[in-house]
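*Asks:*
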Amino acid sequence: MQRRDFLGLTFLSAVLPPAFAAEEPAWDVIVAGAGGAGLAAAVSAAEAGARRIVVFEKAAVVGGHTILASGSVSVAAGSSGDSAAEMAAEIVASGGDPVLADTLARESAALPVWLAGMGVRWEPRLFRAVGSLAARNMSTGSMRGGFEYVQALNARARALGVEIRLCEPVRSLMTDEDCVTGVVTAGSDGTERFHRGRAVILATGGFGANVPMRRRWRPELDATYRTTADPTGMLGDGATGDGIDMAAAIGAGLADMDAMQLIPYNGGRVLDYAGGEIWLNAEGRRFVSEDADFRDIQTAIEHQPGRMMWALTDAKSRKGAGIGAKMASGIVKTADSIEALARAMEVSEDVLRSTLERYNGMATDKRDLDFGRTAFTQTIDTPPFYFGIERLGIHMTLGGITVDERARVLRPDGRIIPGLYAAGETAGGIHGRNRLGGNALTEAFVFGRIAGTEAAKY
Ligand SMILES: Cc1cc2nc3c(=O)[nH]c(=O)nc-3n(C[C@H](O)[C@H](O)[C@H](O)COP(=O)(O)OP(=O)(O)OC[C@H]3O[C@@H](n4cnc5c(N)ncnc54)[C@H](O)[C@@H]3O)c2cc1C
Numbered sequence: 011m012q013r014r015d016f017l018g019l020t021f022l023s024a025v026l027p028p029a030f031a032a033e034e035p036a037w038d039v040i041v042a043g044a045g046g047a048g049l050a051a052a053v054s055a056a057e058a059g060a061r062r063i064v065v066f067e068k069a070a071v072v073g074g075h076t077i078l079a080s081g082s083v084s085v086a087a088g089s090s091g092d093s094a095a096e097m098a099a100e101i102v103a104s105g106g107d108p109v110l111a112d113t114l115a116r117e118s119a120a121l122p123v124w125l126a127g128m129g130v131r132w133e134p135r136l137f138r139a140v141g142s143l144a145a146r147n148m149s150t151g152s153m154r155g156g157f158e159y160v161q162a163l164n165a166r167a168r169a170l171g172v173e174i175r176l177c178e179p180v181r182s183l184m185t186d187e188d189c190v191t192g193v194v195t196a197g198s199d200g201t202e203r204f205h206r207g208r209a210v211i212l213a214t215g216g217f218g219a220n221v222p223m224r225r226r227w228r229p230e231l232d233a234t235y236r237t238t239a240d241p242t243g244m245l246g247d248g249a250t251g252d253g254i255d256m257a258a259a260i261g262a263g264l265a266d267m268d269a270m271q272l273i274p275y276n277g278g279r280v281l282d283y284a285g286g287e288i289w290l291n292a293e294g295r296r297f298v299s300e301d302a303d304f305r306d307i308q309t310a311i312e313h314q315p316g317r318m319m320w321a322l323t324d325a326k327s328r329k330g331a332g333i334g335a336k337m338a339s340g341i342v343k344t345a346d347s348i349e350a351l352a353r354a355m356e357v358s359e360d361v362l363r364s365t366l367e368r369y370n371g372m373a374t375d376k377r378d379l380d381f382g383r384t385a386f387t388q389t390i391d392t393p394p395f396y397f398g399i400e401r402l403g404i405h406m407t408l409g410g411i412t413v414d415e416r417a418r419v420l421r422p423d424g425r426i427i428p429g430l431y432a433a434g435e436t437a438g439g440i441h442g443r444n445r446l447g448g449n450a451l452t453e454a455f456v457f458g459r460i461a462g463t464e465a466a467k468y
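Sequential numbering from 11 applies to the sequence shown in this note's numbering.
Right, here's the structure in full:
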């Protein structure tokens, strides 16, 4: 008698409808999750020749965290003298797996053309995203790059005949002996639905919104910490680690589960690039290099009184990242003079003046004697000043399912689980302890693309 495993429990095939066991798989490729990685996987599976492709998405809309992203994508592209080797070396220095880092960096170079072919309109310049170590980031230049990537991938997937089923979460994986043979989903009436497929790609995102799950590895990250995807706790955040649980239940390995990234994002920051902002503590003094990597930024903020900071820029900078919504809700305010700014921030005007004077002198010389910052795009001296409080939010979980460079899911001993692939934030081990700015979207697109191609071949 044939055996199948659901969520680690063994069922006999007799529990399935009689015709089911003998049936041909209905799908060539099943994708769980319609974020950046899942949509990229579906598109690339279709481009590689798979015909019957379905994406199950638990939310009522496609996009996941990807649709919320401001849009910095890292690419190993030439103009700054940068290369894939340098990009990979930075990731490895953060503890990332060398083979995965090399794949990410090398394959990143092809992303701009691939996405442009689907309608993404890139801004023709490289910039240095906040949290990035070099000017290797691209974006559409609008305030909603993530939305534009999702829109392009979604349209392309649908044009290629991919079926996208919304409000249908994947609950567990079906297996036959060692191989994954399909998924079980929950229908809108709560009933289980069984779907056989030749290959399954998990692209369900991270687990930052699952408080018990994140506390298993980081007990201090209790419910008082919000996610940057849902800063008020009222929007809903699908990053609940479903794919990780499903893969672990059938014996997949997990990597770097305690590595989580907390960043300032939903408050006073209005720039996606490093160079046009300064960050001040509650006394009105700088306390960190604003172009440091996210790990150093996090540590520095954690050591400030109230674990808060002010983000401050002026009229000259190029605003992004939802400034309209931030100003409408009062998160970001403006002041027409340093005096008014000091009053609003409740800091000493003398301290603030001297902070700005010192900073502007160093920005003119492009040399930060205090914190070693190297990215300067302007001085901060032209009213109105834009400012607001920032706190750390859980932005991204770096740990997840162990994969190889072909996005194949691995057991703890390194053996492949046939038929199962994972891509995007649900996979672990790529970034190590510190995800560099722009590398998450690149991971979703690069490994989503690889997973789709590999699943189609399989
Ligand atoms: C506000 C914000 C801004 C960001 N900005 C940037 C940026 O500019 N640059 C950058 O590199 N990174 C950025 N990031 C990080 C980056 O966006 C994410 O790491 C990346 O988009 C993850 O892509 P993904 O496809 O793996 O997951 P997601 O895009 O989150 O997609 C996962 C999808 O799976 C669905 N899902 C979950 N469970 C199930 C289930 N059981 N069944 C079916 N579907 C399921 C979810 O609903 C979701 O739609 C940002 C993150 C946030 C929150």
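For every residue, glycine included, the Cβ atom is placed at its ideal position computed from N, Cα and C.
(1) Are there three or more Cβ pairs, one per stretch, closer than 8 Å when the region 175-192 is compared with the region 424-443?
(2) Roughly how many angstroms separate the alpha carbons of Glu178 and Met256, rounded to a whole number?
(3) Tell me, which residues are paired with Arg401 by DSSP?
(4) Return the bridge partner residues of Ser84 from the DSSP annotation.
(5) Can you find the residues in the same chain that come closer than 8 Å, C-beta to C-beta, to Met355, ignoring five residues on each side of it along the sequence?
(6) Tell me the rounded alpha-carbon separation between Glu158 and Asp360.
(7) In angstroms with no decimal places, state the Cα-to-Cα distance between Ala302 and Ala79.
(8) Leaving out the 5 sequence neighbours to the left and right, which residues in its chain are closer than 8 Å to Thr392 when beta-carbon positions are compared?
(9) For Cys189, list the residues DSSP reports as bridge partners.
(10) Is Val342 closer than 9 Å to Gly4 when the C-beta atoms are compared?
(11) Just how far apart, CA to CA, sit Met148 and Glu133?
(12) Can you name the start and end residues of the beta strand (DSSP E) that Ala173 belongs to?
(13) Pull the bridge partners of Gly410 from the DSSP assignment, please.
(14) Since I believe Asn164 is in contact with Val41 (beta carbons under 8 Å), could you give me their beta-carbon distance rounded to a whole number of angstroms?
(15) Have a look at Thr195, Ala87, Phe297 and Ile411 and flag the residue whose alpha-carbon is nearest the alpha-carbon of Gly438.
(16) Leaving out the 5 sequence neighbours to the left and right, which residues in its chain are closer than 7 Å to Ser93 when beta-carbon positions are compared?
(17) Among all the DSSP beta bridges, which residues are the ones paired with Arg206?
(18) Have a look at the DSSP bridge pairing and note the partners of Lys343.
(19) Say yes only if the C-beta of Glu436 is nearer than 8 Å to one or more non-hydrogen atoms of ligand 1, and no if none qualify.
(20) What first and last residue would you give for the beta strand (DSSP E) that runs through Gln271?
(21) Less than 8 Å between the CB of Pro179 and some heavy atom of ligand 1, yes or no?
(22) For the candidate residues Gly74, Ala119 and Gly218, whose alpha-carbon lies nearest to that of Ala95?
(23) Leaving out the 5 sequence neighbours to the left and right, which residues in its chain are closer than 8 Å to Gly243 when beta-carbon positions are compared?
(24) Report the rounded CA-to-CA distance for Ile460 versus Phe304, giving the unit in angstroms.
(25) From the DSSP output, in three-state form, read off Ile460 for me.
(26) In the structure shown, what three-state DSSP assignment does Gln12 receive?
(27) Kindly indicate which three-state DSSP category Asp530 falls into: helix, strand or coil?
(28) What's the C-alpha gap between Leu281 and Ala269?
(29) Can you find the residues in the same chain that come closer than 8 Å, C-beta to C-beta, to Leu446, ignoring five residues on each side of it along the sequence?
(30) Could you pull out every residue in the same chain whose Cβ sits closer than 7 Å to the Cβ of Thr389, ignoring the five residues on either side in sequence?
(31) On a Cα-Cα basis, can you pick out the residue from Arg138, Ala139, Gly106 and Ser82 that is closest to Leu121?
(32) For Ala345, which residues of its own chain have a beta-carbon under 6 Å away from its beta-carbon, when the five flanking residues on both sides are left out?
(33) Report yes if the C-beta distance between Gly218 and Gly74 is below 9 Å; otherwise report no.
(34) Please report the Cβ distance between Met97 and Arg146, rounded to the nearest whole angstrom; I am assuming they are in contact, meaning their Cβ atoms lie under 8 Å.
(35) For Leu170, I'd like the list of residues in its chain whose CB is within less than 6 Å of its CB, leaving aside the five on either flank, ordered along the chain.
*Replies:* Per the coordinate set shown:
(1) Output reads yes: the region 424-443 touches the region 175-192.
(2) What you label residue 178 is simply residue 168 of the sequence shown in a count that begins at 1. What you label residue 256 is simply residue 246 of the sequence shown in a count that begins at 1. Answer to the nearest angstrom: the Cα atoms are 15 Å apart.
(3) The residue labelled residue 401 in the question sits at position 391 within the sequence shown. Arg401 is bridged to Met318.
(4) Here residue 84 corresponds to residue number 74 of the sequence shown, with the count starting at 1. Note: Ser84 sits in a beta bridge opposite Asn147.
(5) Translated into the one-based positions of the sequence shown, residue 355 becomes position 345. Excluding sequence neighbours, Met355 sits near Leu290, Gly294, Trp320, Leu362 and Phe397.
(6) In the sequence shown, residue 158 corresponds to position 148, counting from 1. In the sequence shown, residue 360 corresponds to position 350, counting from 1. A direct Cα-to-Cα measurement between Glu158 and Asp360 gives close to 44 Å.
(7) Looking up residue 302 in the sequence shown gives position 292. Looking up residue 79 in the sequence shown gives position 69. Answer to the nearest angstrom: the Cα atoms are 20 Å apart.
(8) The count along the sequence shown starts at 1 and reaches residue 392 at position 382. The beta carbon of Thr392 is closer than 8 Å to those of Asp324, Ala325 and Lys326 in its chain, skipping five residues each way along the sequence.
(9) As a first step, residue 189 is located in the sequence shown; it is residue number 179 there, counting from the start. Its beta-bridge partners are Asp186.
(10) No answer is possible for residue 4: the residues shown for the chain start at 11 and end at 468.
(11) Position 138 of the sequence shown, counting from 1, holds the residue named residue 148. Position 123 of the sequence shown, counting from 1, holds the residue named residue 133. Rounded to whole angstroms, Met148 to Glu133 spans 7 Å at the Cα level.
(12) If you number the sequence shown from 1, residue 173 lands on position 163. Rather than Ala, the amino acid found at residue 173 in this sequence is Glu. Run containing Glu173: Glu173 to Arg175, per the beta strand (DSSP E) assignment.
(13) By one-based count along the sequence shown, residue 410 stands at place 400. DSSP lists Ala265 as partners of Gly410.
(14) Reading the sequence shown from its first residue, position 31 is the one you call residue 41. Reading the sequence shown from its first residue, position 154 is the one you call residue 164. Actually they do not touch by this definition, with Cβ atoms about 13 Å apart.
(15) Position 428 of the sequence shown, counted from the start, is the residue given in the question as residue 438. Among Thr195, Ala87, Phe297 and Ile411, the Cα nearest to that of Gly438 belongs to Ile411.
(16) Position 83 of the sequence shown, counting from 1, holds the residue named residue 93. Correct list, in chain order: Ala86.
(17) For this step, residue 206 is matched to residue 196 along the sequence shown. According to DSSP, Arg206 bridges with Gly192.
(18) As a working note, residue 343 is residue 333 in the sequence shown. According to DSSP, which records beta bridges pairwise, Lys343 is partnered with Phe397.
(19) Along the sequence shown, read from residue 1 onward, the residue named residue 436 stands at position 426. Reading off the sequence shown, one finds Thr at residue 436, where the question assumed Glu. Yes; taking the cut-off as 8 Å, the Cβ of Thr436 has a heavy atom of ligand 1 nearer than that.
(20) If you number the sequence shown from 1, residue 271 lands on position 261. Per DSSP, Gln271 belongs to the beta strand (DSSP E) from Met270 to Pro274.
(21) Within the sequence shown, numbered from 1, the residue matching residue 179 stands at position 169. The answer is yes for Pro179.
(22) Within the sequence shown, the letter at position 85 stands for residue 95. Of the candidates Gly74, Ala119 and Gly218, the one whose C-alpha sits nearest the C-alpha of Ala95 is Ala119.
(23) Taking the sequence shown and counting its residues from 1, one reaches residue 243 at position 233. Within the same chain, Gly243 has close Cβ partners Arg236.
(24) As a working note, residue 460 is residue 450 in the sequence shown. As a working note, residue 304 is residue 294 in the sequence shown. The alpha-carbon atoms of Ile460 and Phe304 are separated by roughly 27 Å.
(25) Walking along the sequence shown from the start, residue 460 turns up at place 450. Note: Ile460 maps to helix in three-state DSSP.
(26) As a working mapping, residue 12 is identified with position 2 in the sequence shown. Low confidence applies here, because Gln12 scores a pLDDT of 36, under 50, leaving its location unreliable; read the following figure in that light. Reduced to three states, the DSSP call for Gln12 is coil.
(27) Residue 530 is absent from the structure shown; the chain starts at 11 and stops at 468.
(28) Here residue 281 refers to the residue found at position 271 of the sequence shown. Here residue 269 refers to the residue found at position 259 of the sequence shown. Our two residues, Leu281 and Ala269, have alpha carbons roughly 25 Å apart in a direct line.
(29) On the sequence shown, residue 446 is found 436 positions in, with the first residue counted as 1. Only Ser84, Glu100, Ile101, Ser104, Gly141, Ser142, Leu143, Asp303 and Phe304 meet the Cβ criterion.
(30) As a working mapping, residue 389 is identified with position 379 in the sequence shown. Same-chain partners within the cutoff: Asn370, Ala373 and Thr374.
(31) Against the sequence shown, residue 121 aligns to sequence position 111. Considering only Arg138, Ala139, Gly106 and Ser82, the residue with the shortest C-alpha distance to Leu121 is Ser82.
(32) Your numbering for residue 345 matches position 335 in the sequence shown. Cβ within range, chain order: Leu351, Ala354 and Phe395.
(33) Position 208 of the sequence shown holds residue 218. Position 64 of the sequence shown holds residue 74. Not in contact: Gly218 and Gly74 (Cβ atoms no closer than 9 Å).
(34) Within the sequence shown, the letter at position 87 stands for residue 97. Within the sequence shown, the letter at position 136 stands for residue 146. Between Arg146 and Met97 the Cβ distance is about 6 Å, and since that is below 8 Å, they are a contact.
(35) By 1-based counting over the sequence shown, the position of residue 170 is 160. Only Ala56 meet the Cβ criterion.
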